[in-house]
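Colleague: Before I ask anything, let me first share the structure, which is written out below as structure tokens.
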Amino acid sequence: MLCWSLNAHLWRKQNNSFLGIGERAYKSGNYSKAASYFKKACNDNVSEGCTQLGIIYENGQGTRIDYKKALEYYKTACQADDRKGCFGLGGLYDEGLGTAQNYQEAIDAYAKACVLKHPESCYNLGIIYDRKIKGNAAQAVTYYQKSCNFDMAKGCYVLGTAYDKGFLKVKQSNHKAVIY
1 MLCWSLNAHL WRKQNNSFLG IGERAYKSGN YSKAASYFKK ACNDNVSEGC TQLGIIYENG
61 QGTRIDYKKA LEYYKTACQA DDRKGCFGLG GLYDEGLGTA QNYQEAIDAY AKACVLKHPE
121 SCYNLGIIYD RKIKGNAAQA VTYYQKSCNF DMAKGCYVLG TAYDKGFLKV KQSNHKAVIY
């Protein structure tokens, strides 16, 4: 048992060092080196490495933009419950980058990230329900509220404006407008 525990500890330490080396290379602008180490981390089931590869491919950092690869890496990260990976995946589906635009897939990815406490994913769900899928004002309010609960100012602002003007089918309330 001790041998297995030691091996597991060493394995985690090695994978975390792949991620750490990748992060240092990324911060210094050496994106090709960063990608190499993020790939090693991702291949060893370190979800943050997969997310970072998604970011590199989505933004074309040290490589050409490749939304399909970004989508693949974000999917892997999201399946491992990496909230930033789910956020990236939701963004690609939301905008139709590397895949057909698919609001339901975007909603699924953002919702998972929101449950994992990613404020911007909650906010983006609010936007989808508010502006892209008509007739879902109550859902929009729910997700703007969640983003506000995570201290995302944009979510609070939208809610304050909604209560001030009576938008999103909420009852106009000066009191609630001031709170948000």
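The sequence shown maps to residues 1 to 180 in the UniProt record's numbering. Note that the Cβ used here is the ideal one computed from N, Cα and C, for glycine as well. The model shown is predicted, which means the values in this text are computed figures rather than measured ones.
(1) Using 10 angstroms around the beta-carbon of K84, count the other beta-carbons present and answer buried if the total reaches 16, otherwise exposed.
(2) Scan the stretch 28-106 and note each continuous alpha helix (DSSP H) run of 4 residues or more that stays entirely inside, going in chain order.
(3) Any chance the stretch 163-177 sits against the stretch 132-147, with 3 or more Cβ pairs inside 8 Å?
(4) State yes or no: is the C-beta of E58 within less than 8 Å of the C-beta of G90?
(5) By Cβ distance, which residues of its chain are closer than 6 Å to T51, with the 5 residues on each side in sequence left out?
(6) By how many angstroms is the C-alpha of R24 removed from the C-alpha of S32?
(7) Cβ atoms of A162 and V141: under 8 Å apart, would you say?
(8) How many angstroms separate the CA atom of K69 from the CA atom of H175?
(9) Taking the straight line between their C-alpha atoms, what separation do you get for G62 and I55?
(10) How should V178 be labelled, buried or exposed, when 16 other C-beta atoms within 10 angstroms of its C-beta is the threshold for buried?
(11) With DSSP as the reference, label D164 as helix, strand or coil.
(12) Does DSSP put C3 in a helix, in a strand, or in coil?
(13) Smallest Cα separation from Y144: which of E120, F18, C42 and L116?
(14) Excluding the five sequence neighbours on either side, which residues of its own chain have a C-beta within less than 8 Å of the C-beta of K165, listed in chain order?
(15) Along the alpha helix (DSSP H) that carries L125, what are the first and last residues, could you check?
Modeller: Answer, in terms of the structure:
(1) Within the sequence shown, numbered from 1, the residue matching residue 84 stands at position 84. Counting Cβ neighbours within 10 Å, K84 comes out buried, since at least 16 surround it.
(2) 31-43, 47-59, 67-79 and 83-95
(3) yes
(4) Position 58 of the sequence shown, counted from the first residue, corresponds to residue 58. Position 90 of the sequence shown, counted from the first residue, corresponds to residue 90. Between E58 and G90, the gap from beta carbon to beta carbon reaches 8 Å or more.
(5) One-based indexing of the sequence shown puts residue 51 at position 51. If we look at T51 and ignore the five residues flanking it on each side, its Cβ neighbours are A77, D82, K84 and G85.
(6) Your numbering for residue 32 matches position 32 in the sequence shown. Your numbering for residue 24 matches position 24 in the sequence shown. Roughly 12 Å between the two C-alpha positions.
(7) Counting from 1 along the sequence shown, the entry for residue 141 is found at position 141. Counting from 1 along the sequence shown, the entry for residue 162 is found at position 162. Yes; because the gap between Cβ atoms is below 8 Å, this pair is in contact.
(8) For the purposes of this step, residue 69 is taken as the residue at position 69 of the sequence shown. For the purposes of this step, residue 175 is taken as the residue at position 175 of the sequence shown. Approximately 48 Å between the Cα atoms of the pair.
(9) For the purposes of this step, residue 62 is identified with residue 62 of the sequence shown, where counting begins at 1. For the purposes of this step, residue 55 is identified with residue 55 of the sequence shown, where counting begins at 1. Separation of G62 and I55 (C-alpha to C-alpha, rounded to the nearest whole angstrom) is 11 Å.
(10) Residue numbering aside, residue 178 sits at position 178 when the sequence shown is read from its first letter. By the neighbour-count rule (16 or more Cβ atoms within 10 Å), V178 is not buried but exposed.
(11) As a working mapping, residue 164 is identified with position 164 in the sequence shown. Correct three-state label for D164: helix.
(12) Translated into positions along the sequence shown, residue 3 becomes position 3. With a pLDDT of only 41 at C3, under the threshold of 50, the placement of this residue in the model should not be trusted, and no figure is reported.
(13) Residue mapping note: residue 144 aligns to position 144 of the sequence shown, counting from 1. Ranking the options by Cα distance to Y144, first place goes to E120.
(14) Taking the first residue of the sequence shown as position 1, residue 165 is located at position 165. Cβ within range, chain order: Q172.
(15) Counting from one through the sequence shown, the residue named residue 125 turns up at place 125. Note, L125: alpha helix (DSSP H), P119 to I127.
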